[in-house]
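In our numbering, the protein residues as written are 457 to 806.
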């Protein structure tokens, strides 16, 4: 009997140790995963644009690339939000990731330069100075990055025609963001478009104080990020990763671009995108740029392909990387075929 009790205690002790080791292993695994998010680095490049702002760029080289992809991130994000796309497409083409002005490692410039039009000019500079000459280019933009591509198409039609073969517009809008309810129901939702600009103006007035503690901003913003940026079942490390990017974006920059969103209207800039392969994607549970915005874009771009991602929120590249990457891969193939056909036609004409 004593021997059985001793054996039982030993087994329970072993089980407890096993559980503890297993929990520790899971914690270490989660920590490794979190540390890996945003950890990729390519060849660093600095692009100086015409108003003197320096943009932080890094390039993932490929041996003999057939095309280049330029990734434009969204509002309050940075180039590292493309973590899973960088992993999926490394080596397939020349991949160019850059921080929009005022975000990540890029300078902000003057406060009145926080506009979508200015971002379109910045993208043109990145294409001209960071993309190898002669390669067809695919532009991939998420949220504000999609708006950036619209502004680029409107303001630089010659560069669009000569260099760009494909465009992906992910979780974005061509306008009417002033009406946004952020998915809030009933009277609260109807009040959101009135109250939100007031809140942001108050944030700007306290920008210096707010920006003193990134850690405090991260803790405060976590529930907001979870609600507005993600769909159901989002991973905690993804939510924190996005929240940390938001928390490191200067308040002045965040509010400046938000105010420009209220007047953003690029519906007239969409038709020229019909000359390139265009993919439009959005999460079915997106609260920041709901799917009605993507429907409008797809209807305005001749030949655009629209894909709704079930259950996903705004950060579809993190939430559903396999779905997004498969769609992007198909876009790359179609863009390459179009670029080859165009080159053949031009050679025949010449």
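All C-beta atoms in this analysis are idealised placements derived from N, C-alpha and C, irrespective of residue type, glycine included.
Extent of the continuous alpha helix (DSSP H) run through residue i
{"i": "residue 784", "result": "777-805"}
{"i": "residue 577", "result": "572-586"}
{"i": "residue 649", "result": "642-661"}
{"i": "residue 708", "result": "707-717"}
{"i": "residue 699", "result": "692-703"}
{"i": "residue 754", "result": "747-756"}
{"i": "residue 505", "result": "Neither: residue 505 is in no alpha helix (DSSP H) and is coded neither H nor E."}
{"i": "residue 535", "result": "Element bounds for residue 535: n/a, residue is neither H nor E."}
{"i": "residue 681", "result": "670-685"}
{"i": "residue 492", "result": "458-492"}
Separation of residue j from residue i, as counted between CA atoms
{"i": "residue 592", "j": "residue 655", "result": "43 Å"}
{"i": "residue 513", "j": "residue 552", "result": "7 Å"}
{"i": "residue 731", "j": "residue 588", "result": "22 Å"}
{"i": "residue 733", "j": "residue 795", "result": "10 Å"}
{"i": "residue 630", "j": "residue 751", "result": "10 Å"}
{"i": "residue 805", "j": "residue 563", "result": "44 Å"}
{"i": "residue 704", "j": "residue 801", "result": "48 Å"}
{"i": "residue 799", "j": "residue 550", "result": "19 Å"}
{"i": "residue 788", "j": "residue 754", "result": "18 Å"}
{"i": "residue 767", "j": "residue 803", "result": "46 Å"}
{"i": "residue 571", "j": "residue 611", "result": "13 Å"}
{"i": "residue 790", "j": "residue 521", "result": "16 Å"}
{"i": "residue 641", "j": "residue 584", "result": "45 Å"}
{"i": "residue 748", "j": "residue 679", "result": "25 Å"}
{"i": "residue 620", "j": "residue 644", "result": "43 Å"}
{"i": "residue 721", "j": "residue 632", "result": "7 Å"}
{"i": "residue 518", "j": "residue 492", "result": "22 Å"}
{"i": "residue 582", "j": "residue 524", "result": "12 Å"}
{"i": "residue 573", "j": "residue 683", "result": "29 Å"}
{"i": "residue 636", "j": "residue 716", "result": "14 Å"}
{"i": "residue 500", "j": "residue 653", "result": "37 Å"}
{"i": "residue 792", "j": "residue 618", "result": "14 Å"}
{"i": "residue 536", "j": "residue 797", "result": "34 Å"}
{"i": "residue 746", "j": "residue 659", "result": "25 Å"}
{"i": "residue 567", "j": "residue 714", "result": "12 Å"}
{"i": "residue 779", "j": "residue 604", "result": "23 Å"}
{"i": "residue 669", "j": "residue 696", "result": "16 Å"}
{"i": "residue 775", "j": "residue 692", "result": "11 Å"}
Test item: CB-CB of residue i and residue j under 7 Å
{"i": "residue 586", "j": "residue 505", "result": "no"}
{"i": "residue 615", "j": "residue 580", "result": "yes"}
{"i": "residue 607", "j": "residue 576", "result": "yes"}
{"i": "residue 534", "j": "residue 555", "result": "yes"}
{"i": "residue 671", "j": "residue 708", "result": "no"}
{"i": "residue 726", "j": "residue 757", "result": "yes"}
{"i": "residue 509", "j": "residue 561", "result": "no"}
{"i": "residue 728", "j": "residue 569", "result": "no"}
{"i": "residue 634", "j": "residue 718", "result": "yes"}
{"i": "residue 771", "j": "residue 532", "result": "no"}
{"i": "residue 526", "j": "residue 595", "result": "yes"}
{"i": "residue 741", "j": "residue 689", "result": "no"}
The beta strand (DSSP E) enclosing residue i, as first and last residue numbers
{"i": "residue 556", "result": "Where residue 556 is concerned, there is no enclosing beta strand (DSSP E), given that its DSSP letter is neither H nor E."}
{"i": "residue 737", "result": "733-739"}
{"i": "residue 524", "result": "524-528"}
{"i": "residue 625", "result": "620-626"}
{"i": "residue 724", "result": "Looking at the DSSP string, residue 724 is not in any beta strand (DSSP E), and its letter there is neither H nor E."}
{"i": "residue 543", "result": "No beta strand (DSSP E) holds residue 543; the alpha helix (DSSP H) holding it covers 539-545."}
{"i": "residue 598", "result": "593-598"}
{"i": "residue 831", "result": "For residue 831 there is no data in the structure shown, the boundaries of the chain being 457 and 806."}
{"i": "residue 762", "result": "761-765"}
Nearest-angstrom beta carbon gap, residue j and residue i [assumed within contact, 8 Å]
{"i": "residue 676", "j": "residue 700", "result": "The pair is not a contact, with the Cβ atoms about 12 Å apart (cut-off 8 Å)."}
{"i": "residue 769", "j": "residue 661", "result": "Wrong, their Cβ atoms sit about 30 Å apart, outside the cutoff."}
{"i": "residue 773", "j": "residue 598", "result": "6 Å"}
{"i": "residue 667", "j": "residue 706", "result": "6 Å"}
{"i": "residue 601", "j": "residue 712", "result": "That pair is no contact at about 16 Å."}
{"i": "residue 578", "j": "residue 665", "result": "Not quite, the Cβ-Cβ distance comes to about 29 Å (not below 8 Å), so this is no contact."}
Inset, instruction - Report yes or no: do the segment 621-631 and the segment 735-743 share at least 3 C-beta pairs separated by less than 8 Å? - result: yes
Inset, instruction - Report yes or no: do the segment 633-649 and the segment 758-766 share at least 3 C-beta pairs separated by less than 8 Å? - result: no
Legend entry - the segment 529-547 contacting the segment 494-501, beta-carbon criterion three pairs below 8 Å: yes
Legend entry - Contact between the segment 768-785 and the segment 524-543 (3+ Cβ pairs under 8 Å): yes
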